[in-house]
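The block underneath contains the structure these notes are about, expressed in structure tokens.
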Amino acid sequence: MDTLATLKTRREARFEEFKKDLNVHKLTKDICQLIDQQLMLAWQENGLDDYAALVAVGGFGRAEQYPYSDVDILVLLSEKLSADELAIATPRVESFITRCWDLGIEIGSSVRNIEECLQEAAADITVRTALLESRLVGGDKKLYRRFLVQFDAAMDAKAFYQAKLSELRQRHHKYNDTPYSLEPNCKESPGGLRDLQVILWMTKAAKLGNSFSDLHKKGLLTKRESLEINKNLKLLQTLRTQLHLVAKRRQDVLVFDLQTQLAESFGLTSENGTRASEKIMKQYYWAAKAVTQLNEILIQNIEAILFPKESRITRPVSEHFVEKQGLLDILDPNLFEKHPNQILRAFLLYTKTPGVKGFSAQILRGLYNARNLMNAEWRKQAENREYFMEIVRQPRGVTNAFRLMNQTSVLGRYLPAFRKIVGQMQHDLFHVYTVDQHILMVLRNVRRFWIVEHTHEFPFCSQLAAKYDKPWLLILAALFHDIAKGRGGDHSDLGKKDARLFAKQHGLNKEDTDILVWLVAEHLTMSQVAQKQDISDPDVIKAFAKKVKTERRLTALYLLTVADVRGTSPKVWNAWKGKLLEDLYKLTLRILGGEQHDLSSELEQNQSEAKQMLRLFGLQADAHENLWKQLDISFFLRHEPSDIAWLTKHLHGRVNHPEPIVRARLSQIGEGLQVGVYVKDQVDLFARICAYFDQQGFSILDAKIHTTQHGYALDTFQISGTNMLREGGHYRDIIQLVEHDLAAMLQQSAPLPNPSKGRLSRQSRSFPIQPRVSLRADERGQYYVLSVSANDRTGLLYAIAKILAEHHISLHTARINTLGERIEDVFLLDGHNLSKDSKIQVQLETEILDALAV
8 MDTLATLKTR REARFEEFKK DLNVHKLTKD ICQLIDQQLM LAWQENGLDD YAALVAVGGF
68 GRAEQYPYSD VDILVLLSEK LSADELAIAT PRVESFITRC WDLGIEIGSS VRNIEECLQE
128 AAADITVRTA LLESRLVGGD KKLYRRFLVQ FDAAMDAKAF YQAKLSELRQ RHHKYNDTPY
188 SLEPNCKESP GGLRDLQVIL WMTKAAKLGN SFSDLHKKGL LTKRESLEIN KNLKLLQTLR
248 TQLHLVAKRR QDVLVFDLQT QLAESFGLTS ENGTRASEKI MKQYYWAAKA VTQLNEILIQ
308 NIEAILFPKE SRITRPVSEH FVEKQGLLDI LDPNLFEKHP NQILRAFLLY TKTPGVKGFS
368 AQILRGLYNA RNLMNAEWRK QAENREYFME IVRQPRGVTN AFRLMNQTSV LGRYLPAFRK
428 IVGQMQHDLF HVYTVDQHIL MVLRNVRRFW IVEHTHEFPF CSQLAAKYDK PWLLILAALF
488 HDIAKGRGGD HSDLGKKDAR LFAKQHGLNK EDTDILVWLV AEHLTMSQVA QKQDISDPDV
548 IKAFAKKVKT ERRLTALYLL TVADVRGTSP KVWNAWKGKL LEDLYKLTLR ILGGEQHDLS
608 SELEQNQSEA KQMLRLFGLQ ADAHENLWKQ LDISFFLRHE PSDIAWLTKH LHGRVNHPEP
668 IVRARLSQIG EGLQVGVYVK DQVDLFARIC AYFDQQGFSI LDAKIHTTQH GYALDTFQIS
728 GTNMLREGGH YRDIIQLVEH DLAAMLQQSA PLPNPSKGRL SRQSRSFPIQ PRVSLRADER
788 GQYYVLSVSA NDRTGLLYAI AKILAEHHIS LHTARINTLG ERIEDVFLLD GHNLSKDSKI
848 QVQLETEILD ALAV
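Under our numbering, think of the first position of the sequence shown as 8, with each following residue one higher.
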């Protein structure tokens with residue numbers, strides 16, 4: 008009866024029952040009863056009834072025990088124990104705790120008397136919260152009752168409310184204030200179980216009720232809201248339970264690799280192009296959204312009871328609206344049901360009223376109850392369309408207004424196309440949010456370009472934005488750029504149709520309509536050109552300028568692109584991508600301004616600026632000549648003057664140096680290093696350099712490969728991501744290490760090492776990408792463009808470089824583009840060997856595909 012196997016067998020039997028009926032309330036209670044029985048066996052074995060009380064706390068205390076959650080207990084010692092009795096009780100308590108672990112109960116235990124409990128609770132809100140949910144399992148009942156009386160007397164409901172509210176806000180901030188991450192924590196993320204528990208902790212401390220049904224009886228929730236919150240509570244509890252059972256351990260994060268199994272445990276299957284995992288996650292997001300909205304209503308209602316004086320009207324705002332302590336409120340709780348046109352007006356007033364930080368519980372409740380009135384007829388009303396456009400055009404508050412519109416489901420009901428992407432997952436491995444949340448992040452990023460307090464983030468973007476007269480066009484472009492995702496087909500093409508219809512319905516003139524539709528259709532173009540094409544090639548710039556046509560379009564597309572890339576994931580944006588986009592903007596602007604691309608003028612300018620910098624280094628006027636006469640025009644056009652000067656400084660007297668020269672410095676663009684390599688050229692040079700960076704844990708962001716006229720390689724690399732940098736290594740030490748070790752390695756003539764077969768990340772295993780390789784000649788036939796797309800993993804770039812070396816194919820330049828867990832690399836190859844025999848082209852593609860598939 009008391010063995011580890013017995014408890015495990017009984018728990019497994021309860022799990023099987025749950026899988027059939029999905030009665031989560033019964034399961035969590037049953038688990039508690041099983042654990043109670045085992046705890047009492049150990050308790051009685053050690054004869055502790057006369058010395059202490061065994062108290063369940065936390066989730067175990069409220070009899071809500073999930074399959075693999077910890078069991079939190081308090082051994083409450085009697086304060087009346089003599090020294091001799093304490094000496095007897097102490098080893099018995101230790102024996103009891105050991106016995107619990109022997110029985111397979113993973114306990115979190117504390118041993119205190121009443122006074123110690125009260126002291127700990129006063130100092131630590133977490134302890135106070137755990138003790139608030141205490142439950143007697145066994146032992147001294149009188150002792151436990153004394154504890155309850157004293158704990159209750161010491162509870163300050165107002166202070167507890169404020170502490171838990173602060174804790175909630177901090178926790179939400181930790182999870183980026185959104186329930187819409189692609190791998191949310193169903194317990195801790197905004198809209199998760201913890202949010203509901205916080206409410207019940209607050210109300211229990213204030214003696215307002217112990218359940219949501221109690222809160223309905225007290226008038227804090229309507230009957231409809233009570234039913235809704237209990238429905239979502241049950242879904243979240245069932246989901247967390249299933250997640251534990253699927254993972255066979257404590258698991259609260261809805262990770263990609265468990266989402267499909269989780270969906271199948273609910274009986275969901277993939278069909279019509281929709282994955283089972285997308286279905287379960289959409290259910291979760293809608294539940295979390297409802298919880299977030301209802302929680303805000305409850306928090307405000309609790310606050311109104313605890314702090315009645317602070318809940319009075321501060322000032323009138325309009326005929327129907329007032330401000331209450333920084334919240335917009337309505338005088339008539341049925342306003343929206345009587346006058347649905349006031350719904351969007353509430354959001355407009357929110358943006359226009361200084362000092363207002365949010366909506367009152369009464370407005371949130373009114374919006375919730377008026378959902379069914381936000382129908383097709385409501386959307387068509389001219390007054391509502393005017394309100395919506397006025398919101399978009401506001402100089403402040405737009406981002407928060409749209410977030411609030413999404414949170415209250417108003418945005419999805421006004422724009423049915425947006426409603427379809429609420430909770431829509433993205434499986435491209437570089438977005439970290441659902442489609443709707445990504446759109447709102449992009450909208451936020453766009454708005455920040457016009458806000459003075461954020462000009463330091465992207466000064467160039469803010470400078471351009473200040474001269475752009477219609478920021479609202481960028482807001483609309485952000486709103487529609489991904490609105491058609493998940494429908495099948497090209498979302499840019501489908502999205503532009505939605506944007507055109509919106510423009511027609513809302514009275515936009517032809518010029519504004521055209522630029523809005525164009526931005527939605529082309530929102531990926533600038534990023535693709537900057538990251539996948541050689542923007543030092545005049546033809547690339549001319550082709551892009553031809554597509555853009557005007558400076559106005561170029562500026563709008565640039566601002567939208569920066570906002571979009573930033574809004575995907577913190578991992579995707581970096582200073583190097585920012586530099587590429589800015590360079591593309593400036594080069595294109597010259598062409599649009601009528602400037603003819605004069606190679607000789609650009610060459611002269613770059614060389615002149617580099618010479619000025621060299622004079623600052625104290626070099627003689629002719630110090631550069633021996634090196635520069637070995638370099639062709641492409642070198643000077645593809646490098647910044649500062650790079651030319653830096654390389655010349657280190658190489659000017661060593662043009663025919665027999666040994667490799669490696670120099671490194673802090674990157675001039677963001678974090679990481681810039682590395683220059685000068686050595687007699689060899690076919691496998693790029694592969695050897697890649698092998699070194701791979702072994703040291705560096706990621707290559709960009710590579711410029713150049714061969715001098717006398718047969719030397721002069722290559723430059725932008726690298727980042729080394730573990731040494733993350734672990735706090737000093738930059739100078741790392742620079743010296745790279746310069747010494749890479750030069751030493753290049754002197755060796757050993758065969759190339761085999762590429763390391765790095766493991767795919769967990770996300771990549773969950774959403775594998777079909778590897779793609781494309782090899783095609785450029786328009787002039789001088790070079791071949793090799794494009795590679797695959798899941799990222801350690802050693803992949805070196806594996807590709809090694810294959811090129813084995814086929815004696817020289818590399819002209821490399822554009823390394825990592826998008827989260829996916830690579831999109833582009834290599835410009837010397838076409839001499841490739842153009843001789845088409846079989847080599849096929850063989851090269853095949854071998855690279857094989858390497859990508861490993």
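Don't be surprised by glycine CBs; every beta carbon is placed ideally from N, CA and C. Predicted, not measured: the structure shown is a model, and the values here were computed from it.
Where the alpha helix (DSSP H) containing residue i begins and where it ends
{"i": "Arg-739", "result": "738 to 754"}
{"i": "Asp-546", "result": "545 to 555"}
{"i": "Leu-782", "result": "First-last for Leu-782: 779 to 784, but that is the beta strand (DSSP E), not the alpha helix (DSSP H)."}
{"i": "Tyr-375", "result": "368 to 376"}
{"i": "Glu-518", "result": "517 to 528"}
{"i": "Ile-104", "result": "90 to 109"}
{"i": "Ala-129", "result": "121 to 130"}
{"i": "Ala-506", "result": "498 to 512"}
{"i": "Ala-806", "result": "803 to 813"}
{"i": "Met-533", "result": "532 to 539"}
{"i": "Val-569", "result": "558 to 573"}
{"i": "Gln-702", "result": "692 to 703"}
{"i": "Asp-43", "result": "31 to 52"}
The beta strand (DSSP E) enclosing residue i, as first and last residue numbers
{"i": "Glu-330", "result": "328 to 331"}
{"i": "Tyr-475", "result": "Counting along the chain, Tyr-475 falls outside any beta strand (DSSP E), and DSSP gives it neither H nor E."}
{"i": "Ile-337", "result": "334 to 337"}
{"i": "Ala-59", "result": "59 to 63"}
Residues sharing a beta bridge with residue i, DSSP
{"i": "Gln-619", "result": "Looking at the DSSP assignment, Gln-619 forms no beta bridge with any residue, so it has no partner."}
{"i": "Ala-710", "result": "Phe-724 and Ala-821"}
{"i": "Gly-683", "result": "Arg-670 and Thr-723"}
{"i": "Glu-278", "result": "Thr-281"}
{"i": "Ile-114", "result": "Val-78"}
{"i": "Tyr-357", "result": "None; Tyr-357 has no bridge partner."}
{"i": "Tyr-790", "result": "Asp-837"}
{"i": "Gly-365", "result": "Leu-334"}
{"i": "Pro-323", "result": "Val-329"}
Which listed residue (the options) has its alpha carbon closest to that of residue i
{"i": "Ser-188", "options": "Ser-102, Tyr-291, Val-524 and Ala-128", "result": "Tyr-291"}
{"i": "Ala-377", "options": "Thr-360, Leu-634 and Gln-349", "result": "Gln-349"}
{"i": "Lys-656", "options": "Arg-622, Asp-639, Gln-689 and His-646", "result": "Arg-622"}
{"i": "Thr-245", "options": "Phe-273, Lys-214 and Leu-84", "result": "Phe-273"}
{"i": "Val-144", "options": "Ile-823, Ser-543, Val-439 and Cys-39", "result": "Cys-39"}
{"i": "Thr-801", "options": "Ala-858, Asp-837, Glu-602 and Val-686", "result": "Ala-858"}
{"i": "Lys-905", "options": "Pro-186, Val-134 and Lys-211", "result": "Here the chain comprises residues numbered 8 to 861, so residue 905 is not present and cannot be evaluated."}
{"i": "Leu-610", "options": "Leu-644, Thr-267 and Val-579", "result": "Leu-644"}
{"i": "Ala-617", "options": "Ile-651, Glu-589 and Phe-624", "result": "Ile-651"}
{"i": "Ser-756", "options": "Gln-777, Ile-696 and Arg-426", "result": "Ile-696"}
{"i": "Asp-701", "options": "Ile-807, Ser-615, Leu-634 and Gln-619", "result": "Ile-807"}
{"i": "Asn-379", "options": "Phe-343, Leu-355 and Ala-628", "result": "Phe-343"}
{"i": "Ala-630", "options": "Trp-653, Ile-640 and His-646", "result": "Trp-653"}
{"i": "Val-524", "options": "Tyr-73, Ile-490, Ile-847 and Asp-544", "result": "Ile-490"}
Nearest-angstrom beta carbon gap, residue j and residue i [assumed within contact, 8 Å]
{"i": "Met-381", "j": "Arg-420", "result": "4 Å"}
{"i": "Pro-191", "j": "His-179", "result": "Wrong, their Cβ atoms sit about 12 Å apart, outside the cutoff."}
{"i": "Asp-184", "j": "Asn-302", "result": "Actually they do not touch by this definition, with Cβ atoms about 13 Å apart."}
{"i": "Leu-566", "j": "Ala-472", "result": "6 Å"}
{"i": "Ile-810", "j": "Asn-840", "result": "No, Ile-810 and Asn-840 are not in contact; Cβ-Cβ is about 13 Å, not under 8 Å."}
{"i": "Arg-661", "j": "Glu-746", "result": "No, Arg-661 and Glu-746 are not in contact; Cβ-Cβ is about 14 Å, not under 8 Å."}
{"i": "Gln-538", "j": "Leu-587", "result": "6 Å"}
{"i": "Glu-140", "j": "Val-82", "result": "Actually they do not touch by this definition, with Cβ atoms about 17 Å apart."}
{"i": "Val-78", "j": "Val-100", "result": "16 Å between Cβ atoms; not a contact."}
Test: residue i CB closer than 7 Å to a CB of chain B
{"i": "Gln-40", "result": "Looking for chain B here will not work: only one protein chain is present."}
Check your understanding: What are the start and end residues of each continuous beta strand (DSSP E) run of 3 or more residues lying completely inside the stretch 137 to 196, in chain order?
Key -> 142 to 146
Review point. Taking only runs of the beta strand (DSSP E) that begin and end inside the stretch 621 to 675, which ones reach a length of at least 3 residues, in chain order?
Key: 668 to 673
Point to revise | Complete alpha helix (DSSP H) runs within the stretch 209 to 247 (minimum length 4 residues, chain order) | key: 219 to 224
**Study point:** Every unbroken alpha helix (DSSP H) within the stretch 394 to 463, with a cutoff of 4 residues, ordered by chain
**Key:** 405 to 414, 417 to 421, 423 to 427 and 442 to 455
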